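Take a look at the structure set out below.
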Amino acid sequence: MRDFLHVLWAVARRECVLTVRAPTQWLHPVVFFTMVIVLFPLGISPNQAALSPIAVGVIWIAALLASMLGSERLFEADHQSGALEQMALSSVSLYWVALIKVFVHWLFAGLPLVLLAPLLSLFLFLPMNEVWVVVLSLLLGTPVLAFVNAIGAAITLSTRGGSVLLLLICLPLQIPIIIFATGAVKAFSEGLPYEGYLAVLAALLSLSVVLSPVAIAAALQVGVQNR
Amino acid sequence: MSFVLEAEQLCVDIDDHEIFSNLSFRVSGGQCAHITGPNGSGKSTLLMLLCGLFADYRGQYRWRCEDETLQPALLCERLIFMSTKSGIHEALSPEENLAWYAALMGVRLTAKQRREALARVGLQTGFSRPVATLSSGQRQRVKLARLGIAWRPFWLLDEPFTALDHAAVADLETRLIDHAKAGGLVLFTSHHRLAHIRPNVKIQLAVGGILSSENMDVGVQG
Chain F
1338 MRDFLHVLWA VARRECVLTV RAPTQWLHPV VFFTMVIVLF PLGISPNQAA LSPIAVGVIW
1398 IAALLASMLG SERLFEADHQ SGALEQMALS SVSLYWVALI KVFVHWLFAG LPLVLLAPLL
1458 SLFLFLPMNE VWVVVLSLLL GTPVLAFVNA IGAAITLSTR GGSVLLLLIC LPLQIPIIIF
1518 ATGAVKAFSE GLPYEGYLAV LAALLSLSVV LSPVAIAAAL QVGVQNR
Chain C
10 MSFVLEAEQL CVDIDDHEIF SNLSFRVSGG QCAHITGPNG SGKSTLLMLL CGLFADYRGQ
70 YRWRCEDETL QPALLCERLI FMSTKSGIHE ALSPEENLAW YAALMGVRLT AKQRREALAR
130 VGLQTGFSRP VATLSSGQRQ RVKLARLGIA WRPFWLLDEP FTALDHAAVA DLETRLIDHA
190 KAGGLVLFTS HHRLAHIRPN VKIQLAVGGI LSSENMDVGV QG
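Quick mapping for you: the protein sequence lines, in order, are chains F and C.
First residue of the first sequence: 1338, per our numbering; consecutive thereafter.
First residue of the second sequence: 10, per our numbering; consecutive thereafter.
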């Protein structure tokens, strides 16, 4: 058990060190997210009547697109350098490796979006009392986006020009998340019960944490074989 | 402990194109096997297949230890596989790469042990510089440093002599011989003319599937 944790720790630490040393990879989604939201008031019109109704939608669409940036390269470096082969040959299954890699990726590229959302919602005149529901929905929803993107990244690993394929695979799977997330905020603003929407998001999150590494690991195994 | 690798009638097709077929050979502990063949004849594929990373094959192979067939999970704990890919990350230093690799092998190394393993392959300085700043020969040495982390009976090395200078090639040859003498089993591919190693088994692959395996039945010579 201690050896098992030692390996997981080593994989996690390596991921963190590599992410810190290549800041563009995780700064890109954060900057993109910020830019899109800041450009909306400039592009439409900076008044409350126009922006307030679309605020939640804009934040979520920006988060969804931002989460796709860079995710196609999630396993690419390890695949090309052969590190993936070595991890496949270690005593720890690729399931755990995938889980850790996606989690670390979300920590750097997803969590900042959640933390920036309250600040950026000011640009869009999001009512103050709705901010915490948006943040909660992002907190539950963005990890699911990261896991779905990782499945796509693993499947398209050994294809050339897989980023279009990645979009086609991932976007349909991400539609339910955006529906339930924005639904929660709408229900809250209308004084309707909103807990159900968040519960569905939480259920999707639990499912994706447990099950998506199975798909990712299987796809990575195939990727290792197709050099 | 006695180790044996047996392959029977191995066939691999990639995209309906036959890479090799009916390949049978036997290598036992204390022996070196040299896999030769022109580019594209399936040397790397064969090594990947033998360590369980390549699933599309027909035929059988068995790794045995004391007459017991090793299951894949146990095999992982017994082998070191070095593919032509580096397996090292350019943004990490040699020391960090080695620490990560040791952890994957289930070994904890102190800083001193890491430096010793690197010094043994001739990397005396630059432990903490990113690998990206090293020359290709030095990267190859970082790769080879993993051989010194812990004793594993099975070594599967794909082109281990690439980019090494003459002294390092001679040194590595001695190392392979020593490993075989200690009871280990070495399989390697190489296009180099070997100065010291007399492989016990030669596995000859050819484009188009003509091949032979020859058991030389001589001791590994130093």
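Glycine included, each C-beta is placed from N, C-alpha and C at the ideal position.
The model shown is predicted, which means the values in this text are computed figures rather than measured ones.
Opposite residue i in the DSSP bridges: which residues?
i	result
Glu15 of chain C	C:Arg35 and C:Arg71
Val1537 of chain F	According to DSSP, which records beta bridges pairwise, Val1537 of chain F is partnered with nothing at all.
Ile44 of chain C	C:Thr198 and C:Ile212
Val21 of chain C	C:Phe29
Phe90 of chain C	C:Leu165
Glu77 of chain C	C:Cys74
Using the beta-carbon of each residue, which ones in chain F are nearer than 9 angstroms to residue i?
i	result
Ile97 of chain C	Ser1418, Gly1419 and Ala1420
Phe63 of chain C	Val1561 and Gln1562
Given a cut-off of 9 angstroms on the beta-carbon distance, is the pair residue i and residue j in contact?
i	j	result
Val195 of chain C	Gly46 of chain C	no
Leu101 of chain C	Leu1355 of chain F	yes
Met91 of chain C	Asp180 of chain C	no
Gln1511 of chain F	Val1485 of chain F	yes
Val1470 of chain F	Ala1521 of chain F	yes
Ala1435 of chain F	Val1367 of chain F	no
Phe197 of chain C	Leu185 of chain C	yes
Phe29 of chain C	Leu14 of chain C	no
Ile1553 of chain F	Ile1488 of chain F	yes
Ile1515 of chain F	Leu1401 of chain F	yes
Pro1513 of chain F	Leu1541 of chain F	yes
Val36 of chain C	Tyr66 of chain C	no
Arg148 of chain C	Leu107 of chain C	no
Leu1557 of chain F	Ala1483 of chain F	no
Phe1369 of chain F	Leu1406 of chain F	yes
Ser1500 of chain F	His1416 of chain F	no
Gly1419 of chain F	Gly61 of chain C	no
Glu17 of chain C	Gln69 of chain C	yes
Ile1398 of chain F	Val1373 of chain F	yes
Val140 of chain C	His98 of chain C	yes
Ala112 of chain C	Ala159 of chain C	no
Ala1518 of chain F	Ser1474 of chain F	yes
Arg124 of chain C	Glu105 of chain C	no
Arg150 of chain C	Leu173 of chain C	yes
Gln1385 of chain F	Phe1462 of chain F	yes
Ala42 of chain C	Val210 of chain C	yes
Which residues in chain C have a C-beta closer than 8 angstroms to the C-beta of residue i? List them in chain order.
i	result
Arg1351 of chain F	His98, Leu101, Glu105 and Trp109
Val1344 of chain F	Ala112, Leu113 and Gly115
Leu1355 of chain F	His98, Ala100 and Leu101
Ala1555 of chain F	Residues of chain C passing the Cβ test: none, with the nearest at roughly 11 angstroms.
Ala1536 of chain F	Under the 8 angstroms cutoff, chain C gives no residues; its nearest Cβ is about 38 angstroms from Ala1536 of chain F.
Please decide whether residue i counts as near chain A, where near means a Cβ-Cβ distance under 9 angstroms.
i	result
Ala1403 of chain F	Checking the listed chains, one finds no chain A in this structure; the protein chains it contains are F and C.
Run down chain F in chain order and give the residues with a C-beta less than 8 angstroms from the C-beta of residue i.
i	result
Phe90 of chain C	Glu1422, Gln1423 and Leu1426
Lys121 of chain C	Here the premise fails: no neighbours, minimum Cβ distance about 18 angstroms.
Cys52 of chain C	According to the sequence shown, residue 52 of chain C is Lys rather than Cys. Under the 8 angstroms cutoff, chain F gives no residues; its nearest Cβ is about 13 angstroms from Lys52 of chain C.
Which bits of chain C does residue i rub up against, with CB to CB less than 9 angstroms?
i	result
Arg1358 of chain F	Ala100, Leu101 and Pro139
Val1551 of chain F	In chain order: nothing, as chain C lies at least about 17 angstroms away.
Ala1491 of chain F	Under the 9 angstroms cutoff, chain C gives no residues; its nearest Cβ is about 16 angstroms from Ala1491 of chain F.
Under 7 angstroms Cβ-Cβ, which residues of chain F neighbour residue i?
i	result
Cys20 of chain C	Residues of chain F passing the Cβ test: none, with the nearest at roughly 16 angstroms.
Cys41 of chain C	Here the premise fails: no neighbours, minimum Cβ distance about 21 angstroms.
What in chain C is Cβ-close to residue i, meaning under 7 angstroms?
i	result
Ala1392 of chain F	Result: empty, since nearest Cβ-Cβ is about 39 angstroms, beyond 7 angstroms.
Ala1539 of chain F	Per Cβ cutoff of 7 angstroms: no residues; Ala1539 of chain F is ~33 angstroms from chain C at best.
Val1483 of chain F	Note on residue identity: the sequence assigns Ala, not Val, to residue 1483 of chain F. Going along chain C, no residue has its Cβ under 7 angstroms from Ala1483 of chain F, so there is no contact; the nearest lies around 21 angstroms.
(request) Check distances from the C-beta atoms of the stretch 1426-1446 of chain F to those of chain C and list, in chain order, the residues that come in under 7 angstroms. (result) Leu1426, Ser1427 and Ser1428
(message) Quick check: the stretch 179-198 of chain C against the stretch 19-28 of chain C, are at least 3 beta-carbon pairs closer than 8 angstroms?
(response) no
(message) For the stretch 1394-1405 of chain F against the stretch 131-147 of chain C, do three or more pairs of beta-carbon atoms, one drawn from each stretch, fall closer than 8 angstroms, so that the two count as touching?
(response) no
(message) Pairs of beta-carbons, one from the stretch 75-95 of chain C and one from the stretch 43-58 of chain C, closer than 8 angstroms: are there three or more?
(response) yes
(request) Kindly confirm or deny that the stretch 120-133 of chain C and the stretch 76-88 of chain C touch, where touching means at least three C-beta pairs closer than 8 angstroms. (result) no
(message) Beta carbons nearer than 8 angstroms to chain F: which residues of the stretch 58-85 of chain C have them?
(response) Cys60, Gly61, Leu62, Phe63, Ala64, Asp65, Ala82 and Cys85
(request) Report yes or no: do three or more beta-carbon pairs, one from the stretch 159-176 of chain C and one from the stretch 1530-1540 of chain F, lie closer than 8 angstroms? (result) no
(request) Could you name the residues of the stretch 1494-1526 of chain F whose beta carbon sits closer than 9 angstroms to any beta carbon of chain C, in the order they occur along the chain? (result) none
(request) Using a Cβ-Cβ cut-off of less than 9 angstroms, give me the residues of the stretch 181-210 of chain C that come near chain F, in sequence order. (result) none
(request) Select from the stretch 1354-1388 of chain F all residues with a C-beta closer than 8 angstroms to any C-beta belonging to chain C, and list them in chain order. (result) Val1354, Leu1355, Arg1358 and Ala1359
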